[in-house]
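Participant: Residue numbers (this note's numbering): 63 to 375. All C-beta atoms, glycine included, are put in the ideal place defined by N, C-alpha and C.
1) Report, in whole angstroms, the separation of the C-beta atoms of residue 281 and residue 311, which I expect to be a contact under 8 Å.
2) What's the C-alpha gap between residue 250 and residue 223?
3) Let's see if you can read the secondary structure: which residues bound the beta strand (DSSP E) around residue 166?
4) Under the assumption that residue 273 contacts residue 308 (Cβ atoms under 8 Å), give the Cβ distance between them as a whole number of angstroms.
5) What separation, rounded to the nearest whole angstrom, lies between the Cα atoms of residue 279 and residue 243?
6) Taking the Cβ atom as the reference point for each residue, do residue 166 and residue 94 lie within a distance shorter than 8 Å?
7) Label residue 157 either buried or exposed according to how many other C-beta atoms from any shown protein chain fall within 10 Å of its C-beta, with 16 as the threshold for buried.
8) In three-state DSSP terms, what is residue 355?
9) Residue 116 by DSSP, collapsed to three states: which one?
10) What are the boundary residues of the beta strand (DSSP E) that residue 238 is part of?
11) In chain order, what residues of the same chain lie with their CB nearer than 6 Å to the CB of residue 102, ignoring the 5 residues before and after it?
12) Is the distance from the Cβ of residue 105 to the Cβ of residue 142 below 8 Å?
13) What do you reckon, are the CB atoms on residue 190 and residue 85 nearer than 8 Å?
14) What's the gap between the Cα of residue 107 and the Cα of residue 77?
15) By the 10 Å Cβ neighbour count, where 16 or more other Cβ atoms means buried, how is residue 233 classified, buried or exposed?
16) Can you give me the start and stop residues for the alpha helix (DSSP H) that residue 188 sits inside?
17) List the endpoints of the continuous alpha helix (DSSP H) containing residue 217.
18) CA-CA distance, residue 236 and residue 226?
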């Protein structure tokens, strides 16, 4: 196998904790994938923008590209507004000629072991898969559960010819009508994804997933990135949007989250105790934020000490 190269898409929100979180994530990338990561595509989601070029540590083996989220404060920053940012990041990744795939991470994701070779090997062994992550199962469950798809009702509503939406940032109702371009395109994308076998609301969890470069180039060529604000006024999160977009254009999502696989990713908290995540062989974990018995400060300290200890040997 030739030397593997990949890009990272990362949105940094406006909260005070987000830059320190991003710094820790980048340090973990530099520790475990210093040669493979070719580009870090950072989406600046704060208005006014910050000087992220000086706030973030440089990549050891690649460049950092900082792009503004085109939503400019409009929409919901963790739902449709985040979708605008991640579409922006992947549209940039699609133009790169020196990468095998692009991976999306959150600021509360963390790299705890090398993973690039395992992702690329899985893409090579399964040419039918365009997107790897935690799709039908995860490190803490072995099959789908109906409650895994809380966005299904909203997506079902997007299929209606006419309906009304209440917007979070406005006292007014919004009329959905397929005569409107964006309403029509969203409806068509959802219908295409269902025709290609996706279950409504099914998605790769957003804490970490990878899309092969050929799929991103297809999306770029077919115009999937032509309107980066397509989902901005909706309640659809970026992981749902990217999964259904990949499926709509013929890509198949897949699971890569068994022990020894890269993605130790769950929606909230950790899939296991920090030491157990190491022992189980995951490369990427999510979420290190405080949740139940898990404390972010302690989790980050554990993995930082582990990076320093392995650096010293």
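Facilitator: According to the structure shown:
1) 6 Å
2) In a straight line, the C-alpha of residue 250 is about 11 Å away from that of residue 223.
3) 163–167
4) 6 Å
5) 23 Å
6) Cβ atoms of residue 166 and residue 94: not closer than 8 Å.
7) Label assigned to residue 157: exposed.
8) coil
9) helix
10) 235–239
11) 70, 121, 126
12) No, these two residues do not count as a Cβ contact at 8 Å.
13) no
14) Taking the Cα positions, residue 107 is about 10 Å away from residue 77.
15) With fewer than 16 other Cβ atoms within 10 Å, it is exposed.
16) Residue 188 -> no alpha helix (DSSP H), and no H or E assigned at all.
17) That run of the alpha helix (DSSP H) goes 214–220.
18) 6 Å
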